[in-house]
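So for the sequence shown, this note's numbering puts the first residue at 447; every next one is plus one.
Accompanying notes for the structure given below.
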Amino acid sequence: MTRDRADAPAAERGFVIVAVLWIIMALSALAVIFSLYLSASAQALALNDTALQTEALVSASLELTAYQLTLAGDKARPSRGSFHFRMDDADVLVIFTSEAARIDLNFAPKEVLAGLFAGLGATRAAATEDADRIVGWRTRPVPGGTNDEEALYAAAGLKYGPRQSLFTNVNELALVAGLPPALVDRALPFVTVFNGSAGVDATIAAPEVIAALPGKPSDNPGGGSGERFALSSDASSDASAPASDGAMKAKSSSYRIEATINFSNGRRTASEVAIALGDKAEPYRVLSWQDDVEPSRSVRKRRGV
């Protein structure tokens, strides 16, 4: 009995030491978890702060662009331009281009759409068929008539029909029956739904767009040959007019703005925003906003006709 009583304090001390070690391990684990939480929170706050700063800088780019365009007036308003400013320890390069540089999916004649697709690699027959499907997508059906376009989508096994109204987004091009995805991807940089007319400003348009215009000779094998005619800014979807300097300089109140931001920490980001100019009460309205786009390497020079 005496020996058991002597061993009892030693056993109790052993249990206490084990309990203390467990408490120390639990506190260490808690400290590690808390440090990881602080680190994650700091990173999240930094990313959120960068996102807020980016949004503010892009908004400033839009404000300055709208100010310059409004100040120039309708007649002297440039179709393309660029400027640079510094704010919040960041350098911002802004490039703005009129949407008249792109082909409007809602108003472009079938011949222009076919010319674009042919220039991007489609055969002449396939390009014409693709243009027909785009016209069918945007055209309202005749009341009481046979809806052949809807029948084509059903025959293709698609679970949806054509909108048969104006395109609301260029990405709807991927939903048009028969258009190959690769061709859609190649066409997206040259089309828009914000131009607002059938006209294209050839002084700022990409070579692919210029080659698709009537009156401009095509350099690609599928583009056909012979004389073409340039579309005026007020041309109808089925008519064309003789080429002239005025016809090749279509105007649009919508602009595409690319803001490339270089932060002091070395981070670089670019955003692309389409705006429509307004009035004194509302100088502009945002039509589309896309962050994390591929920034342009340089400002393209103004091209003569």
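The beta-carbon is built from N, C-alpha and C at its ideal position, and this holds for glycine as well.
Proximity below 8 Å, CB of Asn-504 to CB of Ser-717 | According to the sequence displayed, residue 504 carries Val and not Asn. Cβ distance < 8 Å, so Val-504 and Ser-717 count as in contact.
Which word fits Glu-595, buried or exposed, when buried means at least 16 other C-beta atoms lie within 10 angstroms of its C-beta?
-> By the neighbour-count definition (other C-beta atoms within 10 Å, threshold 16), Glu-595 is a buried residue.
Residues that DSSP places opposite Met-533 in a beta bridge = The beta-bridge partner set that DSSP reports for Met-533 consists of Ala-536.
Can you give the Cα-Cα distance for Leu-621 and Pro-741, rounded to whole angstroms?
-> Rounded to whole angstroms, Leu-621 and Pro-741 show a C-alpha spacing of 27 Å.
Contacts around Trp-735, its chain only, beta-carbon distance under 6 Å, and the 5 residues preceding and following it disregarded = Counting only residues of its own chain and dropping the five nearest sequence neighbours on each side, Trp-735 has a CB closer than 6 Å to the CB of Val-719.
Taking DSSP as the reference, what is the three-state secondary structure of Tyr-701?
-> Tyr-701: strand per DSSP, three-state reduction.
Assign Asp-534 to one of two classes, buried (16 or more other C-beta atoms within 10 Å of its C-beta) or exposed (fewer than that).
-> Per the 10 Å Cβ criterion, exposed.
One or two residues paired with Leu-723 in a DSSP bridge | Beta bridge pairing from DSSP links Leu-723 with Tyr-730.
Using three-state DSSP, classify Ala-716 as helix, strand or coil.
-> Strand, per DSSP.
Taking Cβ positions, are Tyr-701 and Thr-543 nearer each other than 8 Å?
-> In this structure, Thr-543 lies closer than 8 Å to Tyr-701 by Cβ.
Alpha-carbon spacing of Arg-609 relative to Arg-548, whole angstroms = One C-alpha to the other measures close to 22 Å.
Length of the line joining the Cα atoms of Thr-516 and Arg-523 | Annotation: Thr-516 to Arg-523 spans about 8 Å, alpha carbon to alpha carbon.
Please check the pair Val-639 and Asn-711, which I expect to be a contact at CB under 8 Å, by giving their CB distance rounded to whole angstroms.
-> Val-639 to Asn-711, Cβ: 37 Å. No contact.
Beta-carbon proximity check, Leu-562 vs Ala-633, cutoff 8 Å | At the C-beta level, Leu-562 and Ala-633 come within 8 Å of one another.
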